[in-house]
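Okay, structure first, notes after.
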Amino acid sequence: MSNEWQPRIVAFFCNWCTYTAADLAGVSRLKYASNTRVIRLMCSGRVDPQFILDALAKGADAVLIGGCHPFDCHYAEGNYKCLRRFQLLKRMLMDMGIEAGRLRLEWISAAEGEKVKRVINELTETVRQLGPLGIPQQFAEWDKEMEQFAAHVEAGEALKTPCAEHAPTQEPAHV
Amino acid sequence: MDKPSKQTVRIGFYICHCGSNIAAMVDCPAVARFVGTLPHVVLSRDYKYMCSDPGQELIQKDISEHQLNRVVVASCSPLLHEHTFRGAVEAGGLNPFFFHMVNIREHDSWVHTDPAEATAKAKELAHAAIMRVAMHKALEVKKVPVHPDVLVVGGGIAGIHAALTLANAGKKVFLVEREPSIGGHMAQFDKTFPTLDCAACILTPKMSAVGTHPNITLLSYSEVTKLDGYVGNYTATVKRKPRYISEDKCTGCQECIANCVYKEPKFPDEFNEGLGKRKPVYIPFPQATPQVVVIDPQTCLNFRNGELTGKCKKSCVAACGDKEAIDFSQTETFQELKVGTVIVTTGFQAFDAKRMPQYGYGKFPNVYTALEIERLVNTSGPTAGHVVLRDGKTEPRSIGIIHCVGSRDKKTNRWCSRVCCMFSLKLAHLLKEHTGAEVYNFYIDMRAPGKGYEEFYDKLLEEGVHFIRGRVGEVTDWARTPDEEGKLVIRVEDTLAGYVRRIPFDMVVLATGLEPHADAQDVRRMLNMSCGSEGFFLERHPKLAPVSTFTEGIFLAGCCQGPRDIPDTVAQAGAAAAEALALIDKGFIEQEPNTAFILEDECCGCKSCIPLCPYTAITFDAANKKAVINEALCKGCGTCVAACPSGTIVQNLFDDEEIFSEIEGVLAHE
Amino acid sequence: MTTKYSYFPGCSLKGIGRAYEESLLPVLRALDVELEELEDWNCCGATAYMAIDEVKACVLASRNLAMAEKLGHKELVAPCSACYLVLNKTKHYLQDSPAVRGVIEKALAEVNMTYSGNTPVRHPLDVMIHSIGLDAIKQRVKRPLTGLKVAPYYGCQIVRPYSTFDDQYNPTTMDRLLEAIGCTIVHFPLKTRCCGASLTGTLPEPGLLCARDILAEAITRGADLIATVCPLCQFNLDGYHDKIAKKWGPHRIPTVYFTQLMGLAFGLGERELGLHRGFVPMQPLPAPVPVGVGV
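Chains as they are written, first to last, in our numbering: chain S, 1106 to 1280; chain L, 858 to 1527; chain H, 95 to 389.
Now the structure itself:
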């Protein structure tokens, strides 16, 4: 394995279609990129948006959700619930400056081992192009800034921060 | 990592080599060493075959010797062996749900090519499982009673055999068939290969046994339109199409048919593949079960475009007399059935030969499909077994049979239909016997892998049937020489002789392949099954669970799962019946305890979850202003859990903290 | 409104197949379609090139494709079957094979050209049926060819190996087109059989036999003439009657381009449509029957 940066992808696959399709890809000995880590859920409807945010916050560069095709959900309509949340979350992520390509939802039936391979390879390539997301590193930097800020406050130098320069130095007399 | 401090968590980790299936790509000892360094792991081993008896005993022994209270096994897919290892953990004295499984075969060693990458992935997946299992809780398996009645969908030989097997074991069976009679394709066949048993002779006794069996309720001319519920407790809705005859009153005397205002049969007869004619009131074939006639509203004069007009003089009603079996007021009705298990035996449809225009079916009258020939050689067929061309009088002197029509073809269906070689041999034998014609078979490969099959092929060679290896290019009426004039010429590359041949024939037979029914996808959705990419219903495991589906309590048999011959179909139908019997006789099923529940104290009564549940398992307790989940109705999808704004709904086995731990675990390494 | 297509004539339509171009352009004009010929087009890459070096043949074809793209019309029309096939094959190779694409891109770059692969290559038959439509064609008919019995002969290249606009085994676009202008179509099982292609030049006997089979079958089926879409087919079926007669007896039946028949139906003159160029002359049409179409 080379030492250069490798994309890290967390995938949430439903038990009935996509997880089974990934098993089929294995049984068929298809070969695909090794960057994805699959977490099995019973239904794509179980994918809580917080799982996705948490995965990104803990260092994932992208998240993949796999569910059953429309009309084929083992639980009738969990995949639609997933789709609704996905659409909203995708907009939210874009507002946060996270590229749309980092979150992908795919309908993969139990027979589509080939599609598992294709989607994982494509997503890996997309993330490779986008580069690392690096949220934990960003958090660490913000923590550092906050620590420095706290240190300044403790040293009584808080007023020297840039925004303090524009603040009134004295209480207005007429109050 | 230090969260599970409620009790001392002691995890045992096992990584399986699976012979070389895993070990060839993943450095198993290295993964075991790595996991051994993780918190709470008191023991970490690698072993050749974890699913073997010694492997399972190892777990049991370690649990007691090392006071393990959690176990993780990294091996194959949990869909394959989770059950096995939970059993081992339970046998070791632990609650079986203090276990988690890591898939490093199907999802790792089999799909990656770089050992370093595969090993790194195995470590991360194992790390996630270690973190997850620490959060696991003891759970109880719920037992649900199994309704002893069985629904069999489709009344071909598979459905007939499965229904009889169950009925003979004392179980009540509902057999639903959409045609007016059971029997399926087998009833259309003349003889069966390789023994040349008369199909009707071996099928008819079974059909009439179905008709008279006290444990079988036969719902012919009916279709299942809906299936609700879950294993052990299904409710099926069956649409009963109006046959305009009261099944209870009809005695099968057929006086109505004799006295129909149509003196002669006029309409294409479905059972005879359109080669014969029937009246608007008809019985599909002499041995039809039930022996009840049916009136076709599309052709009966008492209807117009299927709507009742009452404009016929209804001589049939007069002929029926005081039996009063004819009832033009019948309408579509729906019936609900309570069953515990379902066996799906919906069969196949023959490939439509018109999809290969180069073979001229539909263009040249004397190009036939194999099913048409089955009827033509049959003594009770449209010509009483007299093989003549479509002009109704000429006996063919030369016959060419083309194999693999709609099979083994990238442009139509890629699969081998398995039965065509053998039925082509059978038809070659029968046609030669009936006509004395020169018979040629054009094949790609001769596939005769069954008991007595190869011997049958040998016999045909000795009978003087000709065999030419080559895929036929076209059937044409282009005569190049005088002896080709007025004939159908087969152009084929004889791949054994190494040149292109033109052979003129009077009759050409297309060995059409087997394919899924046009509405197989609708049936699949209705029954919550899966299909393979070619459209046949998907078995749970191709080797180890060939008649099970991904839905508990629904089993498969016959050609709806893939092309097969009669012996295999009957064997499979027996197997499906045995699977159903096993469930019924056990009397209960153990449900995966992955249901959701509400932490009552924390529910704020926002009702977000209620409309999300597809099973209406969540209700609102107005008195307490809290939502309540009915555990019996919950199927464990987790949709409500994901939606609950206050995190008040918990799903067993897929709890938030378990999943968050798993996420943390897979991302714990740089 | 006039629709414009780029036009790749290829060598045949300027030489042996001149009558094809002579009939195609006025027929399309009558249907409000203008073909703009590529400037400085080169060999399409067919036949000899394709047989010796496929990749170089594709490079030749891609230069034409690149020019068509630059010309800016949405689609390119290639009437000769060989050109039509090679241009389409090159498009497929560009799409499917990065190796071939690499060679082509490098070659084009040498002459400061690029090709994105987006311009569809279409056959006039496809354009007439699927873009112009039978209704528009029927409206232009001034003199329906009623009573003329035609054997529709498609040849091999427009349906094989790609069958983009018609059935591979039983094409019917020309049947429908000729029926629309009044012809009677005879059942012709040799629609897509080999005309002899370039064998007539190298191994004359099997080549001529191919042509003879087609002529003989058209005569057997009672056709007045054979209609074709390809200059090489037309040449093989029209040009070797003496040799065929010497070997197998006379097989005289004219072979014309489908566009020539359309031109006649549109009321254009025989000379204008290049009908005088055929070796086996077409019999004079029966006197026009006055009808109320196209007026």
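Just so it is clear, CB atoms sit at the ideal spot from N, CA and C, and this is done for glycine as well.
Listed as beta-bridge partners of S:W1212 by DSSP are S:G1172. L:G1355 has its alpha-carbon roughly 40 Å from the corresponding atom of H:P103.
The beta carbon of L:D965 sits closer than 6 Å to the beta carbons of A975, K978 and A979 from its chain, once the five residues preceding and following it are set aside; these are given in chain order. For L:T1082, there is no enclosing alpha helix (DSSP H); the enclosing beta strand (DSSP E) has its first and last residue at S1079 to Y1087. Within its own chain, the residues whose Cβ lies closer than 6 Å to the Cβ of S:C1187, once the five positions on either side in sequence are excluded, are S1149, G1150, V1152 and G1172, listed in chain order.
Counting along the chain, the unbroken alpha helix (DSSP H) around L:K980 starts and ends at P972 to A991. Between L:K1443 and L:Y1087, the gap from beta carbon to beta carbon reaches 8 Å or more. Shown here, L:C1261 sits in a strand according to DSSP, grouped into three states. Assignment of S:C1148 by DSSP, reduced to helix, strand and coil, places it in the coil class.
Along the region 1503 to 1526 of chain L, the positions whose C-beta sits under 8 Å from a C-beta of chain S are Q1508, F1511, D1513, I1516, F1517, E1519, I1520, E1521, V1523 and L1524, read in chain order. L:E1514 and L:L1524 have their C-alpha atoms roughly 15 Å apart.
In the DSSP assignment, L:E1036 forms no beta bridge with any residue. Looking at L:F1445, L:S1255, L:D1054 and L:N1298, the one whose alpha-carbon comes closest to that of L:V1003 is L:F1445. Identification of residues in the region 1336 to 1368 of chain L having a C-beta nearer than 7 Å to some C-beta of chain H yields R1337, given in sequence order.
Interface flag for L:A975 against chain S is set, since a Cβ pair is found closer than 8 Å. By the Cβ rule, the region 1226 to 1241 of chain L does not count as touching the region 1375 to 1384 of chain L, because fewer than three pairs are nearer than 8 Å. Remark: C-beta atoms of S:T1141 and S:L1169 approach each other more closely than 8 Å. The C-beta separation of L:C1177 from L:E1112 comes to about 6 Å, placing the pair in contact by the 8 Å criterion. About 7 Å separates the CB atoms of L:S932 and L:I961; that is less than 8 Å, so the two are in contact. Under the DSSP definition of a beta bridge, L:L1023 lacks any partner. With 16 or more other Cβ atoms from the protein chains shown falling within 10 Å of its own Cβ, L:Q1508 counts as buried.
DSSP places H:Y99 inside the beta strand (DSSP E), whose first and last residues are T97 to Y101.
Among the bridge pairs identified by DSSP, L:R1359 is matched with L:R1348.
Secondary structure of L:M1064 (DSSP, three-state): helix. By the CB criterion at 8 Å, H:R112 and H:R371 fall inside the cutoff. Residue pairing from DSSP places L:N960 in a beta bridge opposite L:S932. The three-state reading of DSSP puts L:Y1472 in coil, since its state is none of H, G, I, E or B.
Listed by position along chain S, the residues whose Cβ is nearer than 7 Å to that of L:C1388 are A1216. L:G1330 is positioned such that its CB atom lies no closer than 8 Å to that of L:V1262. In the three-state scheme derived from DSSP, where H, G and I count as helix and E and B as strand, L:K1171 is classed as coil.
Looking at the backbone, the Cα of S:P1175 and that of S:A1116 are separated by about 19 Å.
Excluding residues up to 5 positions away in sequence, P1237 lie with their Cβ nearer than 7 Å to the Cβ of S:W1110 in the same chain.
Its Cα nearest to that of L:R1265, the residue L:A1368 stands out among L:T1052, L:G1133, L:A1368 and L:V1201. Between the region 1024 to 1039 of chain L and the region 1067 to 1085 of chain L there are three or more inter-stretch CB-CB distances shorter than 8 Å, so the stretches are counted as touching. Nearest to L:C1110 by alpha-carbon distance, out of L:A1414, L:V1149, L:F956 and L:P1099, is L:V1149.
The region 268 to 287 of chain H makes contact with the region 307 to 319 of chain H: 3 or more CB pairs, one atom from each, lie closer than 8 Å.
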